[in-house]
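Enquirer: Quick one: this structure, given as structure tokens, is what I'll be asking you about.
Residue numbers (the numbering used here): 14 to 244.
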């Protein structure tokens, strides 16, 4: 926990002059997604508030926002914890992803599309793989899907999926087999990108739907085993 708090102290500059709950929640959301606070971790108000230099009321409001996003859970007389997802949660996350991401691709207008963000995420994943940074590959993979959602040009959709992707990272941290989890999807991201570069929305949607179905099966299989072991 000491190392995590040191990194949070480094994040204090990101708050600027006004330490709003929204800014605090943004920092904590990113740190949770990056695995600094793994699922099941108790978050200390005193330690985190001190590291960020924010009031207890501001921190509690940030906790409330993240609880609403299903990233944290408040347990009576115990405190606030990073949420541990159930298998049903993971299945629902993927159900939401399939509904939204496939609809985004299906609803694209006529090509060409603005694909620089997707291409950048693909290259980020390839670079991380070359360096053996498999958690970095996972981060790049999330970036790829965020950029795909951004093609819709909808701030509300992007905000919705930001929370969904943050929840997904909770599952990834429990699975903790980053190479086996993420390596197969580097090439599949490339295939989706190439389909969109060629203006073939239908092919891109087919590839994406198959990708999400396979990913769900892989994640749930390992997640069920890991949660069972921990139980």
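We put the CB at the ideal spot given by N, CA and C, even for glycine.
Quick check: is any heavy atom of the ligand FMN less than 7 Å from the C-beta of residue 200?
Expert: Although the ligand FMN was asked about, the structure shown includes no ligands whatsoever.
Enquirer: In chain order, what residues of the same chain have a beta carbon less than 8 Å from the beta carbon of residue 270, not counting five sequence neighbours either side?
Expert: For residue 270 there is no data in the structure shown, the boundaries of the chain being 14 and 244.
Enquirer: Which of the three DSSP states is assigned to residue 244 in this structure?
Expert: Residue placement at residue 244 cannot be trusted, given a pLDDT of 49 that sits under 50; what the coordinates show is reported in the next sentence. Residue 244 falls in the coil class under three-state DSSP.
Enquirer: In terms of residues, what are the limits of the beta strand (DSSP E) holding residue 67?
Expert: Residue 67 -> no beta strand (DSSP E), and no H or E assigned at all.
Enquirer: What is the rounded straight-line gap between the Cα of residue 53 and the Cα of residue 97?
Expert: When rounded, the distance between both Cα atoms is 6 Å.
Enquirer: Assign residue 89 to one of two classes, buried (16 or more other C-beta atoms within 10 Å of its C-beta) or exposed (fewer than that).
Expert: Under this definition residue 89 is an exposed residue.
Enquirer: Note the first and the last residue of the continuous alpha helix (DSSP H) segment covering residue 112.
Expert: Where residue 112 is concerned, the enclosing alpha helix (DSSP H) stretches over 100-119.
Enquirer: Which term fits residue 112, buried or exposed, when burial requires 16 or more other beta carbons within 10 angstroms of its beta carbon?
Expert: That one is exposed.
Enquirer: Should residue 168 be labelled buried (16 or more other beta-carbon atoms within 10 Å of its own) or exposed?
Expert: Classification of residue 168: exposed, given that the 10 Å Cβ count is below 16.
Enquirer: Given a cut-off of 8 Å, decide if residue 214 and residue 131 are closer than it, judged by their beta-carbon atoms.
Expert: In this structure, residue 214 does not lie closer than 8 Å to residue 131 by Cβ.
Enquirer: Expressed to the nearest angstrom, what Euclidean distance is found between the alpha-carbon atoms of residue 206 and residue 68?
Expert: One C-alpha to the other measures close to 45 Å.
Enquirer: What number of angstroms, rounded off, separates the C-alpha of residue 33 from the C-alpha of residue 77?
Expert: When rounded, the distance between both Cα atoms is 13 Å.
Enquirer: Tell me the residue span of the beta strand (DSSP E) that contains residue 88.
Expert: Note, residue 88: beta strand (DSSP E), 85-88.
Enquirer: Beta-carbon within less than 6 Å of residue 137's beta-carbon, same chain only, minus the 5 sequence neighbours each way: which residues are those?
Expert: The answer, listed in chain order, is 153.
Enquirer: Just verifying my parser: in three-state terms, what is the DSSP assignment at residue 92?
Expert: DSSP places residue 92 in strand when its eight states are reduced to three.
Enquirer: Counting only runs that start and end within the segment 165-242, where is the alpha helix (DSSP H) found for 4 or more residues in a row?
Expert: Listed in chain order, the complete alpha helix (DSSP H) runs (minimum 4 residues) inside the segment 165-242 are 168-188, 191-195 and 197-210.
Enquirer: For residue 217, which residues from the same chain have a beta carbon less than 8 Å from its beta carbon, with the 5 sequence-adjacent residues on both sides left out?
Expert: Hits under 8 Å: 118, 205, 208 and 209.
Enquirer: Secondary structure at residue 79, three-state DSSP: helix, strand or coil?
Expert: Helix at residue 79.
Enquirer: Quick one, which of 55, 129 and 109 has its alpha-carbon nearest residue 176's?
Expert: It is 109 whose Cα lies nearest to the Cα of residue 176.
Enquirer: Give the range of the alpha helix (DSSP H) segment to which residue 39 is assigned.
Expert: 34-46 is the span of the alpha helix (DSSP H), which, as asked, contains residue 39.
Enquirer: Rounded to whole angstroms, what is the Cα-Cα separation between residue 156 and residue 192?
Expert: Answer to the nearest angstrom: the Cα atoms are 17 Å apart.
Enquirer: Are the CB atoms of residue 4 and residue 160 nearer to each other than 8 Å?
Expert: No statement about residue 4 is possible, as the shown extent of the chain runs from 14 to 244 and does not include it.
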